[in-house]
Amino acid sequence: MEKFDLVVIGAGPSGYAAAMRALDFKKKVLLIEKNRVGGAGVTNGALSSKTWWELSRETASFRKNLKRFNIQVPSINYKEIQQEVQRAVEERRSMLDEHMETLRNMNGSSLLSCKEGTARLISQHEVEIVHGHNKQIVYADYIILATGSRPRYLPELPIDEKIVLTSEGIEKLDDFPESMVIVGAGVIGCEYATIFSGFGKTKVHLIDKGDRILPFEDDDVVRVIERNMENNGVLIHRNSRLVRMEIKNGRVEYELEYTDSSKEVFNVEKALVSVGRVPNLEDLWDDKVGINISKRGIEDNDTQTNVSNIFAVGDLTADISLVNVGELEGRYAVERIFGKPERKLVYENISTIMFLSPEVAGVGLNEVQAREKCIDYKVVTLDYSCIPRAIAKRNTQGFIKLLVTNDDHMKILGMKVVGNHASSAIQAVALLISMDKGIEELAECVHPHPSITEGIQECVRMLLGNSTFKPSALRSRLSCRTSINGDYADIHF
Numbered sequence: 007m008e009k010f011d012l013v014v015i016g017a018g019p020s021g022y023a024a025a026m027r028a029l030d031f032k033k034k035v036l037l038i039e040k041n042r043v044g045g046a047g048v049t050n051g052a053l054s055s056k057t058w059w060e061l062s063r064e065t066a067s068f069r070k071n072l073k074r075f076n077i078q079v080p081s082i083n084y085k086e087i088q089q090e091v092q093r094a095v096e097e098r099r100s101m102l103d104e105h106m107e108t109l110r111n112m113n114g115s116s117l118l119s120c121k122e123g124t125a126r127l128i129s130q131h132e133v134e135i136v137h138g139h140n141k142q143i144v145y146a147d148y149i150i151l152a153t154g155s156r157p158r159y160l161p162e163l164p165i166d167e168k169i170v171l172t173s174e175g176i177e178k179l180d181d182f183p184e185s186m187v188i189v190g191a192g193v194i195g196c197e198y199a200t201i202f203s204g205f206g207k208t209k210v211h212l213i214d215k216g217d218r219i220l221p222f223e224d225d226d227v228v229r230v231i232e233r234n235m236e237n238n239g240v241l242i243h244r245n246s247r248l249v250r251m252e253i254k255n256g257r258v259e260y261e262l263e264y265t266d267s268s269k270e271v272f273n274v275e276k277a278l279v280s281v282g283r284v285p286n287l288e289d290l291w292d293d294k295v296g297i298n299i300s301k302r303g304i305e306d307n308d309t310q311t312n313v314s315n316i317f318a319v320g321d322l323t324a325d326i327s328l329v330n331v332g333e334l335e336g337r338y339a340v341e342r343i344f345g346k347p348e349r350k351l352v353y354e355n356i357s358t359i360m361f362l363s364p365e366v367a368g369v370g371l372n373e374v375q376a377r378e379k380c381i382d383y384k385v386v387t388l389d390y391s392c393i394p395r396a397i398a399k400r401n402t403q404g405f406i407k408l409l410v411t412n413d414d415h416m417k418i419l420g421m422k423v424v425g426n427h428a429s430s431a432i433q434a435v436a437l438l439i440s441m442d443k444g445i446e447e448l449a450e451c452v453h454p455h456p457s458i459t460e461g462i463q464e465c466v467r468m469l470l471g472n473s474t475f476k477p478s479a480l481r482s483r484l485s486c487r488t489s490i491n492g493d494y495a496d497i498h499f
C-alpha cells in the first residue's frame, strides 16, 4: 500500500492550495480529483461567470457610447462570446495542469502525486480511489477533504439543465434567451441578472421574496444596484413567492403570489435557479470513520474535524463559501498539521466583491451587520463625483463608505465601495482591520493622483474633521454621521 504524509481529496481552489502549501513543508502529497482540476473556481463558477460578466460589461459600455462614434448597435455573436469564456477557462486549467506536471517531473523525485478518480475514506487513515474499473487503496497520515459544493436543487422545480437551469447548465445555452426568470435574488442571482441584461438580448425577471434584493446589504448599496438593473430592463418581482413553475411547450410558465395575496402568471424562455449551494459529502467516508456533520456541512474547529487527523476546508464547512476563503483555509489546515500558524484563522478582514453594475467591493462589517451586533459607530460616505479619477472616466456613479468605532480610537470596522475600480480600493483597509488599527495609518497614506483610492483619504479626513470638502457644504455628496443605539445623528465640524 502506497503511503503519503498528506492526501488531499479535491483539486478545486481549497485542495489545490493545500497541496501546494504542503510541498513547502517537504511532505509527500497525493492530490485526488474525480473531474476537473480547478473545480468551481474555474469551471461553472468564479472564473467562468466573471469572464461572462467582463464581456457583458464591455458590451454594455460599448452600446452606451455608440453615439460618440455615430454607428448603429452591432449584432452580438453568442457563440464567439461563449468560446471566449471557454478559452479563459481552458487557459487557467492548462496553467494549473502544467504547473502540477512540472512539479511531478522536477528532478525525477517530486513529492507531489496526482490521481484521477473518486475517493472515499474507508478508515481514519485509508483512502480508496476508484477510476473506471480500477480500484486502489492508499495510506495517509493526514487527510484534507476539499470536495467543494454544487448548486442546490429545489425538488418542486423541474430542473432539467436545458430549460430550467442552474449554474451547471447556464453556460451550455445555444444562444441568448429572449427572456429568463432568475429564482433567487442573492449575490449569484443578481450577478447573472447583471450579465444577461448587460448584453441587451434578454429580458430578465428576478424573483425577490422581500421588498428589495440583497437583503444583507445596506440600503444605499441596494438602491444603486436596483436602479441600474431596472434601467437595464430587469423586472424585479418584489415581495413575491414562487408557487408554481412548469415547462410548457418548451418554455417556462411560473406563478407568483405577492404579499397582498394577489397572484400573477408569467411565461419566459428559460429559468435559472440560484438558491445557494450544497456541500459534496455523499459517500465521502465510511460510517465507521465517524466524522460529525450538521445541516450546513462538516463540523470543524479551525478546519480540523472531530477525527484528529482529518481536516475539512472550503465549501464543506459552514464558513464563507468564497474562492479566496477556501484557499486561505486550505493553506491554514496544512500549517496546523505540519507547522504552527502565526495567527488564528479569522474572517473579519475577508475582502469580497460582487460583480454587479457597478461592481461592489467590501471588507469587514457593513451597517446592517454593525446594527445587528449592537455596535455604535461613525460612518462617512463620499460620492464618486468628488473623485477626479471617476470624473475622468466619465462615470461618477458610486460611493465610498467607511465605518469606524464611535470613540476616540476610531478603529476601522469595515468599508464598502460601489463603483468602478471598487475591488482595487479595499486592500489597505483589509490589512488595517486584521491589525486592529485605527484610521491614523490611512490618514498618512499618500495616494497616486488621480485614483479612486484618493476618496478613501478624504473619508478619513472627514472623520478627523480636516477634509478638503466639507460635508455641510456638499450634503448631497458627502455625509458624516454617528449611529448610537440605531439612531443617526450628523457630525458637524
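Under my numbering, think of the first position of the sequence shown as 7, with each following residue one higher. We treat Cβ as the ideally placed atom computed from N, Cα and C, and that holds for glycine.
Going straight from the alpha carbon of His-415 to that of Ile-299, what length do you get?
Approximately 41 Å, taken between the alpha carbons.
May I ask which residues mark the beginning and end of the alpha helix (DSSP H) holding His-105?
For His-105, the enclosing alpha helix (DSSP H) stretches over residues 84-111.
Going by DSSP, what residue range makes up the alpha helix (DSSP H) through Arg-126?
Unbroken run through Arg-126 is the beta strand (DSSP E), 124-127; no alpha helix (DSSP H).
Can you tell me which residues form a DSSP beta bridge with His-211?
For His-211, which the question treats as bridged, DSSP gives the partners Val-187, Leu-241.
Give me the Cα-Cα distance between Gly-332 and Arg-156, rounded to the nearest whole angstrom.
Cα atoms of Gly-332 and Arg-156: separation of roughly 15 Å, rounded to the nearest angstrom.
Would Ile-38 and Lys-121 qualify as a contact pair, given that the criterion is a beta-carbon distance under 8 Å?
Going by beta carbons, Ile-38 and Lys-121 fall inside the 8 Å limit.
Using only the alpha-carbon positions, how far apart do Arg-247 and Lys-215 sit?
Going from the Cα of Arg-247 to the Cα of Lys-215 covers about 6 Å.
Distance CB(Met-421)-CB(Leu-409) smaller than 8 Å
Cβ atoms of Met-421 and Leu-409: closer than 8 Å.
Helix, strand or coil: how does DSSP classify Val-396 here?
Strictly speaking, residue 396 in this sequence is Ala, with Val absent from that position. Note: Ala-396 maps to helix in three-state DSSP.
Cβ-Cβ distance between Asn-330 and Gly-154 below 8 Å
Taking C-beta atoms as the reference points, Asn-330 and Gly-154 fail to come closer than 8 Å.
For a test of the three-state rule: what should DSSP assign to Arg-481, helix, strand or coil?
Here Arg-481 sits in coil by DSSP.
Can we say the region 474-494 touches the region 427-434, given the rule of at least three CB pairs closer than 8 Å?
Contact between the region 474-494 and the region 427-434 is absent, because fewer than three Cβ pairs lie under 8 Å.
Tell me the DSSP secondary structure of Ala-152 in three-state form.
In the structure shown, the three-state DSSP call for Ala-152 is coil.
Alpha-carbon spacing of Lys-34 relative to Ile-326, whole angstroms
Computed Cα separation, rounded: 29 Å.
With distances taken from CA atoms, which of Thr-411, Ile-201, Ser-314, Leu-371 is nearest Asp-382?
Measuring from the Cα of Asp-382, the nearest candidate turns out to be Thr-411.
Just the Cα atoms here: how many angstroms apart are Gly-47 and Leu-53?
Their Cα atoms are separated by approximately 6 Å.
For Arg-283, report the span of its beta strand (DSSP E) as first-last.
Its beta strand (DSSP E) spans residues 283-285.
Sequence-distant residues of its chain with Cβ nearer than 8 Å to Gly-256 (five each side left out):
Excluding five sequence positions before and after Gly-256, the CB atoms of its chain that fall closer than 8 Å to its own CB belong to Ile-169, given in chain order.
Residue range of the unbroken beta strand (DSSP E) whose run includes Tyr-260
Taken as a continuous stretch (DSSP letters only), the beta strand (DSSP E) holding Tyr-260 covers 257-264.
Host alpha helix (DSSP H) of Ile-439 (start-end):
Residue range 433-440 is occupied by the alpha helix (DSSP H) that includes Ile-439.
Per-residue DSSP class, three states only, for Val-423:
DSSP places Val-423 in strand when its eight states are reduced to three.
Euclidean distance between Cα positions of Ile-143 and Trp-291
Ile-143 and Trp-291 have their C-alpha atoms spaced approximately 13 Å apart.
Give the secondary structure of Arg-250 by DSSP, where H, G and I count as helix, E and B as strand, and everything else as coil.
Here Arg-250 sits in strand by DSSP.
How is the alpha helix (DSSP H) around Tyr-22 delimited, first residue to last?
Looking at the DSSP string, the run of the alpha helix (DSSP H) that includes Tyr-22 is 19-30.
Exposure label - Asn-273; buried when at least 16 CB within 10 Å:
Around the C-beta of Asn-273, fewer than 16 other C-beta atoms lie within 10 Å, and the residue is accordingly described as exposed.
Between Ser-55, Met-7, Val-187, Lys-384, which lies nearest to Glu-197 when the distance is taken from Cα to Cα?
For Glu-197, the closest C-alpha among the options Ser-55, Met-7, Val-187, Lys-384 is that of Ser-55.
Have a look at Ala-94 and Met-26 and give me their C-alpha separation to the nearest angstrom.
The C-alpha of Ala-94 lies about 23 Å from the C-alpha of Met-26.
Check whether the region 373-382 and the region 335-349 are in contact - that is, three or more C-beta pairs closer than 8 Å.
Between the region 373-382 and the region 335-349, the count of Cβ pairs shorter than 8 Å is below three; the stretches do not touch.
By alpha-carbon positions, which one of Arg-110, Arg-63, Ala-17 ends up nearest to Asn-41?
It is Ala-17 whose Cα lies nearest to the Cα of Asn-41.
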